[in-house]
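In order, the protein sequence lines correspond to chains C and F.
Residue numbers for the first sequence follow this note's numbering, so the first one is 1 and each next one is one higher.
Residue numbers for the second sequence follow this note's numbering, so the first one is 315 and each next one is one higher.
Structure, as structure tokens:
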Amino acid sequence: MSGRAFAVAAVVVIAGGLLVAGLGLNQYYYFAAYVVLQYVVLATAWNILGGYTGYVNFGTPAFFALGAYTAVVLIKWLKAPLLAQLVAGAVVAGLLGLAIGYLTLRLRGVFFSIATLALTVVLQTMFVNWEYTGGARGISLARPATAPFYGSYVQFVFAVMVILAVLAVATAWCIERSWIGRGFAAIRDNEEAAECMGVPTLRLKLLATTVSGMLMGLAGAPFPFYITFVEPASVFDLNYAVNSLAMPMIGGTTTWVGPVIGAVLLGSAQQIATVTISSELNLLLVGVILVAFVILAPEGIVGLVRRLSRRDPA
Amino acid sequence: MMWTWTRSRTCAVLAVIAALVFGAWPASAQEPIKIGFGMALTGGLAAGGKSCVIAMQLWADDVNKKGGLLGRKVQLVYYDDQTKGATVPGIYSKLLDVDKVHFVVSGYGTNLIAPAMPIVMERKLVFPALFGLANNEKHNYPGYFQIMPAGPRPALDWTNTFLEVAIRQTPKAQTIAIVGADAEYPHNAIAGMRENVKKAGLKVVYDSFYPPTTVDFTPIARAIKALNPDIVFVASYPPDTAGMVLAAHEVGLRPKLFGGGMVGLQFAALLTKLGPKLNGIVNYDFWVPEPTLKFPGIDEFLKRYQAQAAKEGVDPLGHYLPPWAYSYVQVLGQAIEGTKSLDQQKVAEYIRSKEHDTIVGKVKFGGNGEWAQSRVLQVQFQGIDSGDIAQFHKPGKRVVLWPEKFKSGNIIYPYEKALK
């Protein structure tokens, strides 16, 4: 997709999203779509580090929760508006990403993954014991009585999430098409060889962890106003890690469109499963789909489509 | 033939018009009154959530057998919230906007009630809630009615009952050790206990939280034993409750009073596991099969619940949660019948202003939607000689010590005496 076509598509999606938000539809659809869009941001963010660079990150809940708790602190301390919460959530989670990048420079493969998992546990323990943000029992937050531009706050946070999803995908698209994306791919394929060829692997890895963390924090920042109750168990939920990994795997990890396809498909399937079939089947659904894709289509839906189109004699 | 067909058709059309004009649809043709909720059917609270659904379905069956509410059948519409707060807003908007339920009630537990509050408040709905601790403290929403009998100041009233028992004993207790899990409920309970202890003038010799992942409680029990407190107050979740009781026995911890806020000692699983080790422990409860708590309908309810629970593999006793799950919809049903209306404000006003007869006794709500007066019980385990579940169906094993109104026996004091 050319730059111009992508820009047009992005503008159309944002305009369409804002329009849908303004229609004042049944609130359930906004809630369900919010969750799917949130996963578009998380899956895209995960893919920048996990897919492009090849560093599998299990720490999604840590970055997501840090974005959410940064918003909580700002709401409680300054009654800050959502825009300030978004900026602060992204910056704080980005800084954590940078720090984690430094701390885990020597770790690769499964050891890096374990370190990111440990990060989640450490941060969760910290927030369980921090009374200011409600500690283990969580904190209730009241949304502002009126929402900017829209009739209800649910429509407003949906509109915000549409913009964030496009922003995240645009970031991935820019990275993919720049020398940074090629650098990430070089690290993924062979880090030593890339280093020998003059690829600044250290700086690029730090950039990947920072940008990825930043976008995950951005996804978490509107969460307090979406749910109005934040407690460690729900924001540090391991499901965020599983889903943000499964979605790019299902969609395809090598392009920006893979996580989007995976998030829309799996996110929607989960939303439907929650209110139709038993939720016990919900996680099973993710597991079975993931295993099926790893075996049958290791490059995800995008890879599968490419493979099939190559076979096409035309 | 043709004439007959035309006449019957004309009659049918006229009947429809008459029904539309006069609202004279027969009751059986009306759509049921739908009551919607999210419930933990998977995740950490699934065992409790499943037993709640059984109880609520029994209530719906009872109501429908008697002809329904306002002549309409009752239908429960529910989804699994997976014990995750993040699913709750979506579930409640689905219930209200897609399923078009007439009323919503809460799921089980504080953390799953809280995320539903904004939707309920925005739409000014009546909201019966199940086992939430101080969910309405900040909102002070007038449509909120919480069925757990913690009282108007939940954190304080809950733990105060334990001290009420303590201060009435001789020799008088002077010192107390407070210990609990580093998690939501213990934090609330211990915060209340600290205030109550100050008022009671007791000296705190140990006050500490342990990580929720703790598996070995012997170091904690040893540390407390070394300080030799008169009272040991424990606020714990089921796995650590078992751990603390076993550790106390292992190290020979013998305060004058032991227990207070241990969750889990109300369920068959822990009662049968711990058996005689429970003797002497004084702990909170909400209902036990003592003669002083035999409210109309409770025995019959438990019989039916227990038959169902055995099939579904949930708590076979059903003394803790299920009667309350039955009662919070029972109150709603009584309010709908009492007001002869589905109007949220009228129903809320009815619940607020009246006293309700339920299978857990008379329920009266106060200004903040909590019980007007606390009815947290303190019971003592007495005469338990094995892990046989049958004994817990009978009175005399969990003797009510507090409140006076429901007292069913005398305390064995100090704790050590009950162990002999």
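The beta-carbon is built from N, C-alpha and C at its ideal position, and this holds for glycine as well.
The model shown is predicted, which means the values in this text are computed figures rather than measured ones.
Selected residue, minimal CA-CA separation from residue i, among the options
| i | options | result |
| --- | --- | --- |
| L560 (chain F) | F:L584, F:A369, F:L444, F:A361 | F:L584 |
| G399 (chain F) | C:V211, C:T228, C:V286 | C:T228 |
| T116 (chain C) | C:T255, C:V242, C:V302, C:P298 | C:V242 |
| A142 (chain C) | F:Q705, F:A430, F:F441, F:I612 | F:A430 |
| Q389 (chain F) | F:D375, F:Q396, F:G357, F:A639 | F:D375 |
| G566 (chain F) | F:N542, F:T653, F:F581, F:T401 | F:N542 |
| V529 (chain F) | F:L516, F:V546, F:Y551, F:K517 | F:Y551 |
| F445 (chain F) | F:K539, F:G465, F:A487, F:L579 | F:G465 |
| T255 (chain C) | C:T125, C:R306, C:A93 | C:R306 |
| H416 (chain F) | F:R437, F:V402, F:L470, F:P403 | F:R437 |
| M576 (chain F) | F:Q692, F:L372, F:L516, F:G357 | F:Q692 |
| G506 (chain F) | F:V493, F:P636, F:W472 | F:W472 |
| P569 (chain F) | F:E626, F:R536, F:D496 | F:R536 |
| G358 (chain F) | F:V402, F:G423, F:G404, F:V377 | F:G423 |
| A360 (chain F) | F:E718, F:G701, F:E626, F:E663 | F:E626 |
| G54 (chain C) | C:A208, C:L119, C:Y132 | C:A208 |
| S212 (chain C) | C:L164, C:Q38, C:L49 | C:L49 |
| G683 (chain F) | F:N449, F:L383, F:L372 | F:N449 |
| A315 (chain C) | C:P81, C:V121, C:F31, C:V20 | For chain C, the structure presents residues 1 to 314; residue 315 (chain C) sits outside this window and is missing. |
Cα-Cα separation, residue i to residue j
| i | j | result |
| --- | --- | --- |
| T289 (chain F) | L439 (chain F) | There is simply no residue 289 (chain F) to check, as chain F begins at 315 and stops at 734 in what is shown. |
| E498 (chain F) | I368 (chain F) | 26 Å |
| K414 (chain F) | K408 (chain F) | 8 Å |
| H501 (chain F) | R137 (chain C) | 7 Å |
| A170 (chain C) | A10 (chain C) | 8 Å |
| Q460 (chain F) | E651 (chain F) | 20 Å |
| Y162 (chain C) | V8 (chain C) | Residue identity check: residue 162 (chain C) is Val in the sequence provided, not Tyr. Rounded to whole angstroms, V162 (chain C) to V8 (chain C) spans 15 Å at the Cα level. |
| C196 (chain C) | A186 (chain C) | 11 Å |
| Q344 (chain F) | F293 (chain C) | 48 Å |
| V160 (chain C) | K587 (chain F) | 52 Å |
| T97 (chain C) | G183 (chain C) | For the sequence presented, residue 97 (chain C) should be read as Gly rather than Thr. Each residue's Cα considered, the two are about 19 Å apart. |
| V418 (chain F) | E176 (chain C) | 48 Å |
| I725 (chain F) | Q694 (chain F) | 7 Å |
| P553 (chain F) | G578 (chain F) | 8 Å |
| I481 (chain F) | A514 (chain F) | 8 Å |
| W349 (chain F) | F112 (chain C) | First, the residue type needs correcting, since residue 349 (chain F) is Ile and not Trp in the sequence shown. If you take the alpha carbons of I349 (chain F) and F112 (chain C), they lie about 48 Å apart. |
| V264 (chain C) | P432 (chain F) | 27 Å |
| Q155 (chain C) | L447 (chain F) | 30 Å |
| K512 (chain F) | V518 (chain F) | 9 Å |
| T90 (chain C) | L83 (chain C) | Per the sequence shown, residue 90 (chain C) should be read as Ala rather than Thr. In a straight line, the C-alpha of A90 (chain C) is about 11 Å away from that of L83 (chain C). |
| F336 (chain F) | K379 (chain F) | Confidence at F336 (chain F) is low in this model, with a pLDDT of 44, below 50, so the placement of that residue should be treated as unreliable; the coordinate-derived value is given next. Rounded to whole angstroms, F336 (chain F) to K379 (chain F) spans 28 Å at the Cα level. |
| Q124 (chain C) | T210 (chain C) | 20 Å |
| V332 (chain C) | L23 (chain C) | Missing from the structure shown is residue 332 (chain C); chain C here goes from 1 to 314 and no further. |
| I295 (chain C) | F58 (chain C) | 21 Å |
Buried or exposed by the 16-neighbour rule on C-beta atoms within 10 Å, applied to residue i
| i | result |
| --- | --- |
| A338 (chain F) | At A338 (chain F) the pLDDT is 42, less than 50, meaning the model places this residue with poor confidence; the figure from the coordinates comes in the next sentence. Looking at its Cβ environment, which holds fewer than 16 other Cβ atoms inside 10 Å, A338 (chain F) is exposed. |
| N47 (chain C) | buried |
| W77 (chain C) | exposed |
| V748 (chain F) | Here chain F has residues from 315 to 734 only, and residue 748 (chain F) is not among them. |
| W179 (chain C) | exposed |
| F679 (chain F) | buried |
| P232 (chain C) | buried |
| E192 (chain C) | exposed |
| Q687 (chain F) | exposed |
| F149 (chain C) | exposed |
| G632 (chain F) | buried |
| N454 (chain F) | exposed |
| P533 (chain F) | exposed |
| V288 (chain C) | exposed |
| A639 (chain F) | buried |
| S234 (chain C) | buried |
Beta-carbon proximity of residue i to residue j, cut-off 8 Å
| i | j | result |
| --- | --- | --- |
| L733 (chain F) | G594 (chain F) | yes |
| V714 (chain F) | T672 (chain F) | no |
| G101 (chain C) | L206 (chain C) | yes |
| Q271 (chain C) | V40 (chain C) | no |
| G697 (chain F) | K711 (chain F) | yes |
| T104 (chain C) | L215 (chain C) | no |
| A491 (chain F) | I538 (chain F) | yes |
| I347 (chain F) | R386 (chain F) | yes |
Original post:
In chain order, which beta strand (DSSP E) runs of at least 3 residues are fully inside the segment 581-628 of chain F?
Top reply: Correct list: 596-599.
**OP:** Note down, one range per segment and in chain order, each alpha helix (DSSP H) of at least 4 residues found wholly within the segment 257-309 of chain C.
**Re:** Fully enclosed alpha helix (DSSP H) runs of 4 or longer: 257-275, 280-296.
**OP:** Give, in chain order, every unbroken run of the alpha helix (DSSP H) that is at least 4 residues long and sits entirely within the segment 59-96 of chain C.
**Re:** Secondary structure remark: continuous alpha helix (DSSP H) runs of at least 4 residues inside the segment 59-96 of chain C, in chain order: 60-78.
Original post:
What are the uninterrupted segments assigned as alpha helix (DSSP H) that are 4 or more residues long and contained completely in the segment 341-425 of chain F, given in chain order?
Top reply: Taking 4 residues as the shortest admissible run, the segment 341-425 of chain F contains the following complete alpha helix (DSSP H) segments, listed from N- to C-terminal end: 360-379, 402-407.
**OP:** Just list the alpha helix (DSSP H) runs in the segment 631-678 of chain F, keeping only unbroken ones of 4 residues or longer that don't cross its boundaries, in chain order.
**Re:** DSSP runs (the alpha helix (DSSP H)) wholly in the segment 631-678 of chain F: 636-653, 658-667.
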